[in-house]
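Taking it in order: structure first as structure tokens, then the write-up.
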Amino acid sequence: MFEIVDSPFEPEPYYQKVRVAAPHAGALVMFTGLVRDLYQVGDDAQITHLELEHYPGMTESICESIITEAMRRFEIDHAHVVHRVGKILANEHIVLVLVAASHRRAAFDAAQYIMDFLKTDAPFWKKEVGARGTHWLGLKRKDQQAAQRWQNLSTNHDSSHDKQ
Numbered sequence: 001m002f003e004i005v006d007s008p009f010e011p012e013p014y015y016q017k018v019r020v021a022a023p024h025a026g027a028l029v030m031f032t033g034l035v036r037d038l039y040q041v042g043d044d045a046q047i048t049h050l051e052l053e054h055y056p057g058m059t060e061s062i063c064e065s066i067i068t069e070a071m072r073r074f075e076i077d078h079a080h081v082v083h084r085v086g087k088i089l090a091n092e093h094i095v096l097v098l099v100a101a102s103h104r105r106a107a108f109d110a111a112q113y114i115m116d117f118l119k120t121d122a123p124f125w126k127k128e129v130g131a132r133g134t135h136w137l138g139l140k141r142k143d144q145q146a147a148q149r150w151q152n153l154s155t156n157h158d159s160s161h162d163k164q
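Taking the UniProt record's numbering, the leading residue of the sequence shown gets 1, the next gets one more, and so forth.
Here it is as structure tokens:
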């Protein structure tokens, strides 16, 4: 499941929803991405907040596809992603990825997979806003490399070696 929200959110209610949706899961991985505190006192380039834009309809479709592929590839029980848009202040949550699975390896791998492809494939645009104006942020090479790593791995994930 994928949701876009335009106001601050807390992870706990979503965590509880996943617990209910996947009651027999043996592992539940939660990743929260926060807006770093980019405001430096005395710094000429003081960043006050981020603005995140998206392509309505297309964003949801692509993100649901990423989640569906993770569920197929890693044999997870449930995944829930919440992504923030709009004006986001320092230390506020920007993204939440929750994955429930029978085993921890599948849950960790699926959460990382989802996050890696959200960074590269989902149509979100991030802008820093500060005292000097605005600056659009582009895709980072390290994010492209992280997504490429999954494409280089076998599409048949086998977590049977890790049943702990």
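Cβ atoms here follow ideal geometry from the backbone N, Cα and C, with glycine treated the same way.
Local conformation of Val35 per DSSP, three classes: coil
Chain D within 8 Å of Arg84, Cβ atoms only: You won't find chain D in this structure, because it holds only one protein chain.
Option in Val99, Ala146, Ile62 and Trp136 with minimal Cα separation from Phe74: Val99
Beta carbon of Tyr14 nearer than 8 Å to that of His93: no
Neighbour-count burial assignment, Leu52, 16 or more Cβ in a 10 Å radius: buried
Euclidean distance between Cα positions of Leu50 and Ala122: 17 Å
Close-in-space but distant-in-sequence residues of the same chain around His157 (CB under 6 Å, 5 per side omitted): With a pLDDT of 46 at His157, under the threshold of 50, the modelled position of that residue is not reliable, and no figure is offered here.
Same chain, Cβ closer than 6 Å to Pro8, five either side skipped, listed in chain order: Glu92
Contacting residues, own chain, Cβ-Cβ under 6 Å from Val95 (five flanking each side not counted): Gly33 and His83
Coarse secondary structure for Thr58, derived from DSSP in three states: Note on residue identity: the sequence assigns Met, not Thr, to residue 58. It is helical.
Which listed residue (Glu128, Lys142 and Asp143) has its alpha carbon closest to that of Trp136: Glu128
With 16 other Cβ atoms within 10 Å as the buried cut-off, status of Asp6: exposed
In DSSP terms, what Lys127 is bridged to: Glu51 and Trp136
Buried versus exposed call for Gln145 [16 or more other C-beta atoms within 10 Å across all chains shown]: exposed
Three-state class that DSSP yields for Glu3 in the structure shown: strand
With 16 other Cβ atoms within 10 Å as the buried cut-off, status of Gln16: exposed
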